[in-house]
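Residue numbers (my numbering): 1 to 70.
For every residue, glycine included, the Cβ atom is placed at its ideal position computed from N, Cα and C.
One structure is given below, encoded as structure tokens.
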């Protein structure tokens, strides 16, 4: 399965993205709530949308997303 890791502006992983687009700080206990994908393509598409929103929208996301396989 592919998940979306959340990184701050320095590149440090601060958690994983949940289905409600909040950040999970304890992913082991919230596995059923994490956003997950079977295909890397789907994961990359959403990560790109979120990261572009961060760049293009003045008050966009305060974090960056990167796909990870677990």
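One or two residues paired with residue i in a DSSP bridge
i          : result
residue 34 : 18
residue 65 : 6
residue 13 : 7
Supposed close pair residue i, residue j - CB separation, criterion 8 Å
i          : j          : result
residue 36 : residue 3  : 6 Å
residue 6  : residue 57 : Contact doesn't hold; Cβ gap of about 17 Å is too wide.
For residue i, three-class secondary structure by DSSP
i          : result
residue 57 : coil
residue 24 : strand
Contact check, residue i vs residue j, beta carbons under 7 Å
i          : j          : result
residue 18 : residue 33 : yes
residue 67 : residue 43 : yes
residue 15 : residue 24 : yes
Residue from the options with nearest C-alpha to residue i
i          : options          : result
residue 39 : 58, 69, 7 and 31 : 69
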